[in-house]
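Here the protein sequences come in this chain order: A and B. Residues 1 to 312 in this note's numbering are what the first sequence spells out, letter by letter. Residues 1001 to 1251 in this note's numbering are what the second sequence spells out, letter by letter. Ideal Cβ positions, reconstructed from N, Cα and C, are used throughout, including at glycine. Report on one structure; see the data block that follows.
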Amino acid sequence: MIKVEQLTKCYGPVKAVDAISFEVSKGEIVGFLGPNGAGKSTTMKMLAGFLPPTSGRAEVAGRDVFRESLRAREHIGYLPENVPLYPDMRVQEYLRYRAALKGVPGRRMNERVGDVLDLCGLGDVAKKIIGRLSKGYRQRVGLADAMVHEPDLLILDEPTIGLDPNQIRLVRDLIRNLKRHHTILLSTHILPEVEMLCSRVIIIDKGRIEALDSPQNLRARLGETGHIFLDARVPDPKAAAAGLRRLTGVDSVSIRSDGAWTIFTIHASPGADPREALYGHAVAEKWPVRELSRSAVSLEQVFAEVTHSEEV
Amino acid sequence: MRRFLTLLGRELGGAFHQPLAYVVLFFFLLITGFNFHAGVALLNKSAGSTTMVEAFFNTVYFWFPFVLVFPLITMRVFAEEVKLGTIETLMTAPVRDGQVVFAKYFGAWIFYLILWVPSLLYFYVFQVTTSLSAAGAVGSYLGAYSMLLLIGLLYTAIGCLASVVTDNQIVAAVIALAGILALFFLGLLTLFLPGAGPFVRELTYYFSPIQHMMDFSRGIFDTRPVVFYLSSTVLVLFAVFQVFKYRRWKS
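The following block contains the structure:
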């Protein structure tokens, strides 16, 4: 569906996007992830046919987005970052205008506009003036606009930014339902969103692709470096920690006390899973245990790792 | 064509959705109404062969709102779209640059024409109440109104050019006003250079909307101004199109 080859965009001497290449096949939801100013929006603008690239090429649905821009644009539904809308128009009026502009034939107009109004939960504001709508509704109007002409590809630039948690959930559910009919490329810097929605993730930083894989593989790439927490009541924490360190598969142990309880943070050796040994040890020592758990590697850690930032 | 009409409809809708449209309509009507009054007063005083149509289209009260109205109509055309960011949704829809430019241009021009519709009523009222003919002949109407259309074409294009070079509506209005006034006063060059020879006088005739309107409202049809307005409109519109494309590609 999308084919990008060596796409580059320079703003003067600054390389906003630096020779990126990737492919997205039909039916995928691909998340574009990166810190602010990484080049996410610029890439999406180029794919949507709004910005010309400095060099390189991009194809959507087999059409070059620069040479056959008009044809390519017919297959794309694009939601820009700040959701620009005409504040003077009414919701339904705006969607009819956009549908006509995107070539929805007159006989299908009512059906299409009705469909996206329902799908985006805009039925009760259809007659309202866009300028008076809340941020959440405006976002949904933008989304309705993006898909009113049934495009093969949806390009959504930060579709959930600035929404409250309920609205975010609504928009996410909406995107998940769209998966059946559309290929979706969305950008975000909310990591759980990517884990929930996307089948693949492109991590981009300073205009370059740093990682491109499924969320599961990205997590696996960081290896079994997760921590194990053991929360137990022990008579002497220091001695207990020394005892734990002797177990096989345990690299290091640090302790933190929580009243009468002690929380051991145990770093496992790569590839080892010492949870059973820890349990056996605690039983043998007759420690009352409140918790024994293992933290999964989150995409957040992956993200921090590949973009070399200190904290996310 | 359907996309062009959709865009044109949006332009006109957008124009009438903003309060400025009604402020402009109101004051334009007020001033042209006063101009009509002044025209009638002029006819009362002079016993010459001047007709009502001539008197209406050749006073300072006519030209004053005439040159002021274009910046007000055209300033939002491109600048607002860029400011709102809607240029991004507009230009990622499958529409050609040319369709957008033409729709915006003709939208502004049609709004300008709508401003003149009530003026037809003045001449009707004049004829009914005085039972005199407002114009010497039909040619007078045709001449005056076709000159309105023609000058409108060029000045609207200049206004659009001002709007496409900046994102700020006020700046657009100021540039448009400066451009239109410069062109307008170029036609009055002979007033500032009383000693100028026949060559300068001949030359300034090409630029002088006042001269053109004077002739046309008498029913004198001259192809020179027609060619001048049409060709310079094409030139300015071409510039609008190029700047529009350039700014989009550059951003």
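Range of the contiguous alpha helix (DSSP H) that encloses residue i
i	result
A/Arg169	165–178
A/Asp145	135–147
B/Tyr1084	The sequence shown places Leu at residue 1084 of chain B, not Tyr. B/Leu1084 -> alpha helix (DSSP H) spans 1076–1084.
B/Val1095	That residue, B/Val1095, is in no alpha helix (DSSP H); it is neither H nor E in DSSP.
B/Thr1006	1002–1016
B/Ser1119	1119–1130
B/Thr1032	1019–1045
Bridge-paired residues (DSSP) for residue i
i	result
B/Lys1104	DSSP lists no partner for B/Lys1104.
B/Phe1207	DSSP lists no partner for B/Phe1207.
B/Gly1139	The partner list for B/Gly1139 (beta bridge, DSSP) is empty, contrary to what the question assumes.
A/Ala200	What sits at residue 200 of chain A in the sequence shown is Arg, not Ala. BP columns for A/Arg200 point to A/Val30.
B/Asp1215	The partner list for B/Asp1215 (beta bridge, DSSP) is empty, contrary to what the question assumes.
A/Ser252	A/His267
A/Asp18	Answer is none; A/Asp18 lacks a bridge partner.
A/His227	A/His267
A/Asp258	A/Trp261
A/Leu339	Absent from the model: residue 339 of chain A. The displayed extent of chain A is 1 to 312, so no value can be given.
B/Tyr1050	It should be noted that the sequence gives Thr, not Tyr, for residue 1050 of chain B. B/Thr1050 pairs with nothing; no bridge assigned.
A/Tyr11	A/Val14
Minimum Cβ-Cβ distance from residue i to chain A less than 8 Å
i	result
B/Gly1014	yes
B/Val1085	In the sequence as displayed, the identity of residue 1085 of chain B is Gly instead of Val. Yes, its Cβ sits closer than 8 Å to a Cβ of chain A.
B/Gln1127	no
B/Ala1093	yes
B/Thr1089	yes
B/Arg1076	no
B/Arg1247	no
B/Thr1006	yes
B/Arg1003	yes
Chain D within 8 Å of residue i, Cβ atoms only
i	result
B/Val1082	No chain D is part of this structure, whose protein chains are labelled A and B.
Endpoints, beta strand (DSSP E) assigned at residue i
i	result
A/Ala268	261–268
A/Arg208	208–213
A/His281	From DSSP, A/His281 is part of no beta strand (DSSP E) but of the alpha helix (DSSP H) over 275–284.
A/Leu292	289–294
A/Ile129	From DSSP, A/Ile129 is part of no beta strand (DSSP E); its letter is neither H nor E.
Chain B contact for residue i (CB, 8 Å cutoff)
i	result
A/Leu101	yes
A/Tyr111	The amino acid occupying residue 111 of chain A in the given sequence is Glu; Tyr does not appear at that position. It does not: the Cβ of A/Glu111 has no partner Cβ on chain B nearer than 8 Å.
A/Asp88	yes
A/Val91	no
A/Ala16	no
A/Tyr97	yes
A/Asp115	no
A/Asp231	no
A/Asp350	An answer regarding residue 350 of chain A cannot be provided, because it is not within the stretch 1 to 312 covered by chain A.
A/Arg138	no
A/Asp173	no
A/Glu224	Since pLDDT at A/Glu224 reaches only 49, below the 50 mark, its modelled position is unreliable, and the value read off the structure follows with that caveat. For A/Glu224, the answer is no, since every Cβ of chain B falls outside 8 Å of its Cβ.
A/Asp213	no
A/Asp145	yes
Residue i beta carbon near the ligand GTP (any heavy atom closer than 7 Å)
i	result
B/Leu1142	Absent from the structure shown: the ligand GTP. Ligands present: none.
Runs of alpha helix (DSSP H) wholly within the stretch 91–119 of chain A (minimum 4 residues, chain order): 91–101, 106–119
Proximal residues, the stretch 29–58 of chain A versus chain B, C-beta separation under 8 Å: Per Cβ criterion, the list reads Lys45, Ala48, Gly49, Phe50, Leu51, Pro52.
Interfacial residues, the stretch 1093–1110 of chain B to chain A, with Cβ spacing under 9 Å: Ala1093, Pro1094, Val1095, Arg1096
Short-range partners of chain B found in the stretch 56–84 of chain A, where Cβ spacing is below 8 Å: Leu70, Arg71, Arg73, Glu74, Ile76, Tyr78, Pro80, Asn82, Pro84
Contacting positions in the stretch 1010–1037 of chain B - beta carbon closer than 7 Å to chain A: Arg1010, Gly1014, His1017, Gln1018
Start-end ranges of the alpha helix (DSSP H) lying completely within the stretch 35–102 of chain A, minimum 4 residues: 40–47, 69–74, 91–101
Where the stretch 262–288 of chain A meets chain B: residues whose CB sits under 7 Å from a CB there: For the stretch 262–288 of chain A, no residue has a beta-carbon sitting nearer than 7 Å to a beta-carbon of chain B.
Residue ranges of each beta strand (DSSP E) within the stretch 1134–1203 of chain B, 3 or longer: You should have found no qualifying run.
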